[in-house]
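*Asks:* All residue numbers for the sequence shown refer to this note's numbering, where the first residue is 2 and numbers rise by one. In this text, a Cβ means the ideal position worked out from N, Cα and C, and glycines have one as well. Values in this document were obtained by computation on a predicted structure and should not be read as measured data.
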Amino acid sequence: MKIMVVDDEGIVLDSCRRVLEADGFQVLLVTSADKALAAIQDQEPALLLVDIKMPERDGMYLMREVKEKWPDIPIIVMSGYHTAETVKEAVKMGATTFIAKPFTPDELLETLRQVIQKKESPGN
Numbered sequence: 002m003k004i005m006v007v008d009d010e011g012i013v014l015d016s017c018r019r020v021l022e023a024d025g026f027q028v029l030l031v032t033s034a035d036k037a038l039a040a041i042q043d044q045e046p047a048l049l050l051v052d053i054k055m056p057e058r059d060g061m062y063l064m065r066e067v068k069e070k071w072p073d074i075p076i077i078v079m080s081g082y083h084t085a086e087t088v089k090e091a092v093k094m095g096a097t098t099f100i101a102k103p104f105t106p107d108e109l110l111e112t113l114r115q116v117i118q119k120k121e122s123p124g125n
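#1: Using the C-alpha atoms, what's the distance from Val92 back to Glu57?
#2: For Lys54 and Leu14, I'd like the C-alpha separation in whole angstroms.
#3: Count Cβ pairs between the segment 3–18 and the segment 31–43 that sit closer than 8 angstroms; are there 3 or more?
#4: Using only the alpha-carbon positions, how far apart do Lys68 and Ser16 sit?
#5: State the beta-bridge partners of Met5 as determined by DSSP.
#6: Between Ile77 and Ile100, what straight-line distance do the alpha-carbon atoms span, to the nearest angstrom?
#7: Do Asp9 and Asp52 come within 8 angstroms of each other at the CB atom, strictly closer than that value?
#8: What does DSSP give as the partner residue(s) for Val78 in the beta ladder?
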C-alpha cells in the first residue's frame with residue numbers, strides 16, 4: 002500500500018518513512034501541498050498523512066483540494082498545534098482521523114491500521 006506523507010519538516014518525513022517502510026508500506030515523501038497535489042495525480046496513493054501547519058498552502062487547503070478531486074482517499078491529519086477547534090475543523094473538512102505530534106511509531110501504525118481497516122470494511 003502506498004502512503005503519501007506531506008510535511009514541511011524533514012525530520013518528520015524521515016521518521017514517518019522509516020516507521021512505515023519497516024512495516025511494509027510504500028512511502029512517498031512530499032514537502033508542500035502543491036507538490037502533493039501534483040504527485041497524487043501520478044502516484045495514486047492509497048492514503049495521505051498530512052501536516053496542518055505548512056508555509057504557503059496549509060494542510061486544510063490540501064484537504065479541500067483532495068476531497069474535491071479524489072474523495073475516496075482517506076486523510077490522516079497530524080499537527081503539533083492540536084486544539085479542539087483544529088481537530089473539529091479537520092474532521093469537518095474530510096479528515097478520516099487526527100494524530101497529535103509528536104507521536105510514537107506504535108501510535109502512527111495503530112492509527113494507520115484503523116483507517117485502512119475502515120477503508121476496506123464493507124459498506125464504505
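*Replies:* Per the coordinate set shown:
#1: Distance between the alpha carbons of Glu57 and Val92 is about 22 angstroms.
#2: For Lys54 and Leu14, the distance between alpha carbons rounds to 14 angstroms.
#3: They touch, by the three-pair rule.
#4: The straight-line gap from Cα to Cα measures roughly 26 angstroms.
#5: Note: Met5 is bridge-paired with Leu29 and Leu49 in the DSSP secondary-structure output.
#6: When the Cα atoms are used, Ile77 and Ile100 turn out to be separated by approximately 7 angstroms.
#7: The answer is yes: Cβ separation under 8 angstroms.
#8: The partner list for Val78 (beta bridge, DSSP) reads Val51 and Phe99.
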